[in-house]
Amino acid sequence: MNAVYLLRDGSVYSPADPFASAMLTNGEKVEWVGSDAGATSIADDSMKQTGLDGLLVTPGFVAGGVRVDSTAHLQELGEQLVAQGYVAATVFAPLNLVPDFSASELALRIFPYAIIEHSEDVSPESLTAAYGVYCDPLQENAGELVNLAIDAGVKVSLATSNTRQVDAALEIIRAVDAHSPLRRLRAGFRLDGVSVVTDEQLAVCEKLNLSLGFNSSLEDSKNSLVRSITAGISTFIGSDPEGTSRRWGWQLVSDAIHRADASHNISARAAFNAMTRGNWRALGFAEPTQGQLVPGGNADFAVWEAPALMVQTADDRVAAWSTDPRARTPMLPELDGIVFPRCHVTVVRGQEVFAL
871 MNAVYLLRDG
881 SVYSPADPFA
891 SAMLTNGEKV
901 EWVGSDAGAT
911 SIADDSMKQT
921 GLDGLLVTPG
931 FVAGGVRVDS
941 TAHLQELGEQ
951 LVAQGYVAAT
961 VFAPLNLVPD
971 FSASELALRI
981 FPYAIIEHSE
991 DVSPESLTAA
1001 YGVYCDPLQE
1011 NAGELVNLAI
1021 DAGVKVSLAT
1031 SNTRQVDAAL
1041 EIIRAVDAHS
1051 PLRRLRAGFR
1061 LDGVSVVTDE
1071 QLAVCEKLNL
1081 SLGFNSSLED
1091 SKNSLVRSIT
1101 AGISTFIGSD
1111 PEGTSRRWGW
1121 QLVSDAIHRA
1131 DASHNISARA
1141 AFNAMTRGNW
1151 RALGFAEPTQ
1161 GQLVPGGNAD
1171 FAVWEAPALM
1181 VQTADDRVAA
1191 WSTDPRARTP
1201 MLPELDGIVF
1211 PRCHVTVVRG
1221 QEVFAL
């Protein structure tokens, strides 16, 4: 029998109710979000009730992509991430480590992409434990490796830290699409480690329905990040296939909304979506409820202590909060780049995996 939890007297970040202060979970799913008055009306003895005392509940973060070279590193990373409100992570690892990673019992969900190098002898059988493969599109056998991965039924990530790699990746993907659009869809193509992209490349990404992952050094992306989001491309942040990011969670959100050039800023909502829903979409989870706290959605969330909530826009000259309740925009923590929200609890699939 599923455990039923009723959280109340806080703030719940949900498109289902921008003013939600309570949430009901049933096992792995969110069953209801609403007001404290609504919570009182449905409360009964079958529920475990928890007072939030003004804390904020949001969907959990998803790590866009981290290079991991040992099981000890993976264990350490998992502990670090859940303490910062992460519920899942894409990891890039040497092929020989992927079976151990897939079998690991971590608190958060792990999606391992096997790093495929030039000289490796890869077969469909060797990819059984992998969620996907990651390779350099400029390497000689990249097209062959991509088709092998598609035949094996795993996803494909391509290294795209420079414009030459982006061009090569798009050429490979266009070739797959020309052969069979269905194969392109099954591949779940994602471009990882992106820094700068041209308008022409963005147009191709949009046409091919690709996910574009920007690395954590957002200043290097200039205005590419804001152009990608404005173009409606599935965009995610924190894609670091060649290393481990030193910027996590709200720090990375803050980086996206406080750029050196203010014209490169994106809103807090866009940045948060890129680190939650955007990362889920990059993994191939297309369900509209994924990465959102709505009835029927997964109970993957974090509880935060934040000094103030507001709607931070991309333009600092515009009012940073909504004073009109008709705007119905849910609020996120105020981020000044100095003080960040503190995670009190992280829940994955309805199970508490971290508590302060």
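Residues in the sequence shown are numbered consecutively from 871, following our numbering.
Cβ coordinates follow ideal geometry from the N, Cα and C atoms, glycine included.
Query raised in the report: Looking at C-alpha atoms only, which residue of 1137, 1111, 1132 is the closest neighbour of residue 1123?
Result: The sequence position of residue 1123 within the sequence shown is 253, counting from 1. Nearest of 1137, 1111, 1132 to residue 1123, Cα basis: 1137.
Query raised in the report: According to DSSP, is residue 1216 helix, strand or coil?
Result: Residue numbering aside, residue 1216 sits at position 346 when the sequence shown is read from its first letter. Correct three-state label for residue 1216: strand.
Query raised in the report: residue 934 and residue 957 look like a contact to me (Cβ under 8 Å); what is the Cβ gap, rounded to whole Å?
Result: Mapped onto the sequence shown, residue 934 falls at position 64. Mapped onto the sequence shown, residue 957 falls at position 87. Not quite, the Cβ-Cβ distance comes to about 13 Å (not below 8 Å), so this is no contact.
Query raised in the report: Is the stretch 1126–1141 touching the stretch 942–952, taking contact as three or more C-beta pairs under 8 Å?
Result: no
Query - Extent of the continuous beta strand (DSSP E) run through residue 961 - result: Here residue 961 corresponds to residue number 91 of the sequence shown, with the count starting at 1. Note, residue 961: beta strand (DSSP E), 956–964.
**Report entry** Beta-carbon gap between residue 997 and residue 1022 smaller than 8 Å
**Finding:** Along the sequence shown, read from residue 1 onward, the residue named residue 997 stands at position 127. Along the sequence shown, read from residue 1 onward, the residue named residue 1022 stands at position 152. Result yes, Cβ atoms of residue 997 and residue 1022 sit closer than 8 Å.
Requested in this report: Count the other C-beta atoms from every protein chain shown that fall within 10 angstroms of the C-beta of residue 1221, then say buried if there are 16 or more, exposed otherwise.
Outcome: Locating residue 1221 in the sequence shown gives position 351, counting from the first residue. With fewer than 16 other Cβ atoms within 10 Å, it is exposed.
Requested in this report: Flag this pair as yes or no: are the beta carbons of residue 1105 and residue 1148 separated by less than 8 Å?
Outcome: Position 235 of the sequence shown holds residue 1105. Position 278 of the sequence shown holds residue 1148. Yes; because the gap between Cβ atoms is below 8 Å, this pair is in contact.
Query - Nearest-angstrom Cα separation, counted from residue 939 out to residue 1203 - result: In the sequence shown, the residue the question calls residue 1203 occupies position 333. In the sequence shown, the residue the question calls residue 939 occupies position 69. Between residue 1203 and residue 939, the C-alpha separation is close to 34 Å.
Requested in this report: With a threshold of 16 other CB atoms inside 10 Å of the CB of residue 1025, please say whether the residue is buried or exposed.
Outcome: Locating residue 1025 in the sequence shown gives position 155, counting from the first residue. That one is buried.
Report task. Report yes or no: do three or more beta-carbon pairs, one from the stretch 1007–1015 and one from the stretch 974–984, lie closer than 8 Å? Result -> With a cut-off of 8 Å, the stretch 974–984 and the stretch 1007–1015 do not count as touching, because too few Cβ pairs lie within range.
Report task. Write down every uninterrupted run of the alpha helix (DSSP H) in the stretch 872–938 whose length is 4 residues or greater and which is fully enclosed by it, in chain order. Result -> 906–912
Report task. Take residue 969 and list the residues in its own chain whose beta-carbon comes closer than 7 Å to its own, dropping the five residues that flank it on each side. Result -> Numbered from its first residue, the sequence shown carries residue 969 at position 99. Around residue 969: 999.
**Report entry** Straight-line Cα distance separating residue 911 from residue 972
**Finding:** Within the sequence shown, the letter at position 102 stands for residue 972. Within the sequence shown, the letter at position 41 stands for residue 911. The alpha-carbon separation between residue 972 and residue 911 amounts to approximately 43 Å.
Requested in this report: Note down, in chain order, each residue of its chain lying with its Cβ closer than 6 Å to the Cβ of residue 1218, except the 5 sequence neighbours on either side.
Outcome: Taking the first residue of the sequence shown as position 1, residue 1218 is located at position 348. Only 957, 978, 1170 meet the Cβ criterion.
Requested in this report: Leaving out five residues on either side along the sequence, give the residues of the same chain with a beta carbon under 8 Å from the beta carbon of residue 1020.
Outcome: Taking the first residue of the sequence shown as 1, we reach residue 1020 at position 150. Once the five neighbours on either side are set aside, the close Cβ partners of residue 1020 are 1026, 1046, 1053, 1056, 1057.
Query - Bounding residues of the alpha helix (DSSP H) (the contiguous stretch that carries residue 1055) - result: Taking the first residue of the sequence shown as position 1, residue 1055 is located at position 185. From DSSP, the alpha helix (DSSP H) with residue 1055 extends over 1051–1057.
Query - Straight-line Cα distance separating residue 1067 from residue 1211 - result: Start at 1 with the first residue of the sequence shown, and residue 1211 comes out as number 341. Start at 1 with the first residue of the sequence shown, and residue 1067 comes out as number 197. Cα to Cα, residue 1211 sits roughly 32 Å from residue 1067.
Query raised in the report: Going by DSSP, what residues sit across from residue 1180 in a beta bridge?
Result: By 1-based counting over the sequence shown, the position of residue 1180 is 310. In the DSSP output, where bridge partners are listed per residue, residue 1180 has 1202.
Query raised in the report: Which residues in the same chain as residue 872 place their Cβ atom closer than 6 Å to its Cβ, once the five residues preceding and following it in sequence are excluded?
Result: In the sequence shown, counting from the first residue as 1, residue 872 sits at position 2. Answer for residue 872: 896, 897, listed in chain order.
Query raised in the report: On the three-state DSSP scale, how would you describe residue 991?
Result: Counting from one through the sequence shown, the residue named residue 991 turns up at place 121. Residue 991 sits in coil when the DSSP states are folded into three classes, being neither helix nor strand.
Query raised in the report: To which residues does DSSP link residue 1004 through a beta bridge?
Result: As a position in the sequence shown, residue 1004 is number 134, starting the count at 1. In DSSP, residue 1004 forms a bridge with 985, 1027.
Query raised in the report: Beta carbon of residue 1205, beta carbon of residue 1120: below 8 Å?
Result: The count along the sequence shown starts at 1 and reaches residue 1205 at position 335. The count along the sequence shown starts at 1 and reaches residue 1120 at position 250. Yes, these two residues count as a Cβ contact at 8 Å.
Query raised in the report: Going by other Cβ atoms of all chains shown within 10 Å of its Cβ, with 16 needed for buried, is residue 932 buried or exposed?
Result: Sequence index remark: in the sequence shown, residue 932 carries index 62 (1-based). Per the 10 Å Cβ criterion, buried.
Requested in this report: Starting from residue 1130, follow the alpha helix (DSSP H) in both directions and report where the run begins and ends.
Outcome: Numbered from its first residue, the sequence shown carries residue 1130 at position 260. It is not in any alpha helix (DSSP H) - residue 1130 carries neither H nor E in the DSSP assignment.
Requested in this report: Kindly give me the distance between the Cβ atoms of residue 1063 and residue 1029, rounded to whole angstroms, as I take these residues to be in contact under 8 Å.
Outcome: By one-based count along the sequence shown, residue 1063 stands at place 193. By one-based count along the sequence shown, residue 1029 stands at place 159. 6 Å between Cβ atoms; contact.
Requested in this report: Could you name the residues of the same chain whose beta carbon sits closer than 8 Å to that of residue 879, not counting the 5 residues immediately before and after it, in chain order?
Outcome: Taking the first residue of the sequence shown as 1, we reach residue 879 at position 9. If we look at residue 879 and ignore the five residues flanking it on each side, its Cβ neighbours are 891, 892, 906, 921, 922, 923, 924.
Query raised in the report: Quick one: is residue 1116 buried, meaning 16 or more other Cβ sit within 10 Å of its Cβ, or exposed?
Result: What you label residue 1116 is simply residue 246 of the sequence shown in a count that begins at 1. Exposed.
Requested in this report: Tell whether a beta-carbon distance below 8 Å holds between residue 928 and residue 875.
Outcome: The residue you call residue 928 lines up with position 58 of the sequence shown. The residue you call residue 875 lines up with position 5 of the sequence shown. No, the Cβ-Cβ distance between residue 928 and residue 875 is not below 8 Å.
**Report entry** residue 1159 - DSSP class collapsed to helix/strand/coil
**Finding:** Locating residue 1159 in the sequence shown gives position 289, where the first residue counts as 1. Correct three-state label for residue 1159: coil.
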